[in-house]
Amino acid sequence: MKNTLLYLALLLANISAFAQTPIPISQARTRTVGTVVTIAGRVTVGNQFRGPSYLQDGTAGIAVFDNAIHNGAVTIGDSVVITGPISTFNQLLQISGAGTTFQVIASAGRVAPQPRVLTIAQLNALTNDQIEGQLVQINNVRFTTPSFQGNQNYDVSDGTGTVQLRVDADADIVGATAPTDPTTVIAVVGRFNQTRQILPRSREDIGAREFVIPFENRPRSETFEVCTWNIEWLGDPVNGPRTGNPPVRVSNNLQIQNAATVIRRIDADLYALQEISSDAAFRQLVDSVRGNGYTGFRTPTGQTQRLAFLWKTATVDSVSFRTIADSGNWSQFQGVKRLPAELTINARIGAVTRRMRVINIHADAGSAIADYNRRVADAGFLKRQLDRELRNEAFILLGDYNDDVDVSITPGQPTPYANFVNDPANYRIVTGFLSARGLQSFSGTGSQMIDHITISRQLFPAHLDSTQRVENTVYIPNYVSTTSDHFPVWTRLDLARVASTRIERAPQPTEYRLFQNYPNPFNPTTTIRYNLPASGFVSLKVYDVLGREVSSLVNERQTAGSYESRFNAANLPSGMYFYRLQSGTFTETRKMLLVK
């Protein structure tokens, strides 16, 4: 107490901007919410969390939430005098609110406070006013996670008890590798509602090692980036991100605005999206990033939570689209089918162009055994389909797997994707690397790594290993309550490492054939190709979904050969269209999707 009084006396001699005399922090903590207090202390957390900061004197500690303070104005060890109202945030006592002011006492020097050494048992035995807001040191702490992720909680133990350690998304701990041996932890004591937490400020506070993602110095213009992202119930008026007390659905405009920010920040060449629940919301999202070179489409199948693709027109040409399952061989979710969607593309990076297929899936959710069994059945169907149809083609299978690929989220069960895991000669789940590092792509109950990316053997040489990551969305305020309960997962490929495929073409067609238009989806022009094995009168017409003719592309006699016809839909609305080729007794119809 003598040192505390001496410290306060020295401060009083240097304070000119504050009308009130500082009181000990222990006394400030007893004041009712709304009471304006003046305190003095040393900073233990500056801008490491970008809010709140923490300071303590010889009597107690407290959090301070004020942008002017925690955006770099103070540094650990600074002597600071703060005046402001007592408030709470999720029951954490803090100084925050209108009229908060502060002064750094430069003449007092910068002296980093020493942590209070405790065991976890001793920590847990103290009341909030006795320990909250103070810097502590706990020895012999063991971690069970291989690495750290932002805004995640980890239960840690020192042999005397257990406490929740929280990694703030702004701390440099994010992505770091956890120590494997018992270590010393230095952290400030906080809380979230009724749960006590300790918050380390840096890697040095917990003995963690920085994980360096390779190839970060390689220009993005030289690689092809793919991302999977479940944008929780995008556009749904009821379901989706919720905030407030009581919680209410955030506005669609805010969710779309945040989603566009994430898309621009990651800057991937192609996105596979899930839970796109409104055509209007998706069009608004596409319009928001069209200036960044993106276009895309939402799958036309009649689901509420639909799949969608978004891509850069400078690096991706869409060739064709199809669903690779039907209502008879794919599980239901809430009474509807979320059928896997396949987009065939030409990926173009510099002078290199590679044809590949991108398959977007949204598997059945839930940890009940019935949900697990549906995922097992769907994974079995999917692999048999890919083995049969695409064994010799390059493809990427990505999306919301709704389960992990090491062990299942269903207790006591192996991963439902064991059939892919156990075929390493043909499939590589590159995001299994993230599971092994203990990272999570889902923020909900029982958080797990459930969003994944798998590549076929043709793309093995292209993948830049260890570039796969879960996006740290710290740049979106309150991301989980305003944007999505899933985090984007993405990786990088070097297409120059993939052998090109030579396509042999017959000199003259031997059968009638109408090909899928290219590109598809399209806006506003596309090419339709067809083969004629014999001369004859040819009709190629386009119809809308009501069967009305909207264009006659060919209506003449043609000789045997291969032909292309260009269709311009500039004056037509977005939607599904059908094109029909007729020659002699041959008739074939295909569908195409116009997306504006």
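Here the sequence shown is numbered in my numbering, starting from 2 and rising by one per residue.
The beta-carbon is built from N, C-alpha and C at its ideal position, and this holds for glycine as well.
Everything numeric in this text was worked out from a predicted model, so none of it was measured.
| Query | Result |
| --- | --- |
| Measure how close the beta-carbons of Thr317 and Ile346 come, nearest whole angstrom, since I'm counting them as under 8 Å. | Reading off the sequence shown, one finds Val at residue 317, where the question assumed Thr. Right, the Cβ-Cβ distance comes to about 5 Å (below 8 Å), so this counts as a contact. |
| DSSP on Asp206, reduced to helix/strand/coil? | helix |
| Using the three-state DSSP reduction, which class does Phe461 fall into: helix, strand or coil? | helix |
| Just the C-alpha distance for Asn403 and Val422, rounded to the nearest angstrom, thanks. | 16 Å |
| Would you mind stating whether Ala282 and Ile257 have Cβ atoms separated by less than 9 Å? | yes |
| From Asp159 to Pro415, what does the alpha carbon distance come to, in whole angstroms? | 31 Å |
| Got a sec? Which residues, its chain only, sit under 6 Å from Ser17 by beta carbon, not counting five neighbours each side? | Low local confidence applies: a pLDDT of 48 at Ser17 is under 50, so the model's placement there is unreliable, and no value is given. |
| Taking the beta carbon of Gln150 as the centre, do at least 16 other beta carbons fall within 10 Å, making it buried, or is it exposed? | buried |
| Are the stretch 260–270 and the stretch 224–237 in contact at 8 Å, needing three or more beta carbon pairs? | yes |
| If you reduce the DSSP assignment to three classes, tell me which class Gln21 lands in. | coil |
| Candidates Gly413, Ile360, Pro425, Val37: which alpha carbon is nearest Thr102's? | Val37 |
| Which value, in whole angstroms, describes the spacing of the CA atoms of Thr484 and Pro242? | 6 Å |
| Identify whether Ile77 lies in helix, strand or coil by the three-state DSSP scheme. | coil |
| Buried or exposed for Leu271, please, with buried defined as at least 16 other CB atoms from any protein chain shown within 10 angstroms of its CB. | buried |
| DSSP puts Phe587 in a beta bridge; with which residues? | Ser584 |
| Taking only runs that begin and end inside the stretch 47–71, name each unbroken beta strand (DSSP E) of 3 or more residues, in chain order. | 54–57, 62–65 |
| Helix, strand or coil, according to DSSP, for Val546 in the structure here? | coil |
| Checking 9 Å against the spacing of the C-beta atoms, do Gly162 and Thr185 come in under that value? | no |
| Where Arg567 and Leu554 are concerned, what is the direct C-alpha to C-alpha distance, given to the nearest angstrom? | 8 Å |
| Can you tell me the Cα-Cα spacing of Leu119 and Val481, whole angstroms? | 33 Å |
| Counting C-beta neighbours from all protein chains within 10 Å, is the total for Asn521 16 or more, i.e. buried, or is it exposed? | buried |
| Using 10 angstroms around the beta-carbon of Val249, count the other beta-carbons present and answer buried if the total reaches 16, otherwise exposed. | exposed |
| Who are the near neighbours of Gly52 in its chain, counting only those whose CB is closer than 6 Å to its CB and skipping five residues on each side? | Phe66, His71 |
| Please say whether Ile187 and Gln153 have beta carbons closer to each other than 9 Å? | no |
| Taking the Cβ atom as the reference point for each residue, do Gln165 and Asp156 lie within a distance shorter than 9 Å? | yes |
| Taking the C-alpha atoms as reference points, what is the distance between Asp407 and Val377? | 14 Å |
| With DSSP collapsed to three states, give me the class of Ala434. | The identity of residue 434 in the sequence shown is Phe, whereas the question assumes Ala. Three-state result, Phe434: helix. |
| Using the rule of at least 16 other Cβ atoms within 10 Å of the residue's Cβ for burial, across every protein chain shown, is Gln195 buried or exposed? | exposed |
| Report, in whole angstroms, the separation of the C-beta atoms of Asp79 and Pro25, which I expect to be a contact under 8 Å. | Contact flag wrong, Cβ pair sits at about 18 Å. |
| Looking at the secondary structure, which residues open and close the beta strand (DSSP E) in which Leu271 lies? | 271–277 |
| Using C-beta distances below 7 Å, list every residue in its chain close to Ser584, excluding the 5 sequence neighbours before and after it, in chain order. | Tyr513, Leu533, Gly537, Phe538, Val539 |
| Starting from the C-beta of Ser279, find all residues in its chain whose C-beta is less than 7 Å away, skip the five residues before and the five after it, and write them out in chain order. | Leu235, Gly236, Asp237 |
| Among Ile454, Thr474, Ile362, Tyr476, which one has its Cα closest to the Cα of Asp466? | Ile454 |
| Let's see if you can read the secondary structure: which residues bound the alpha helix (DSSP H) around Ser482? | 480–483 |
| Got a sec? Which residues, its chain only, sit under 7 Å from Asn479 by beta carbon, not counting five neighbours each side? | Thr244 |
| Tell me the residue span of the alpha helix (DSSP H) that contains Asp372. | 370–390 |
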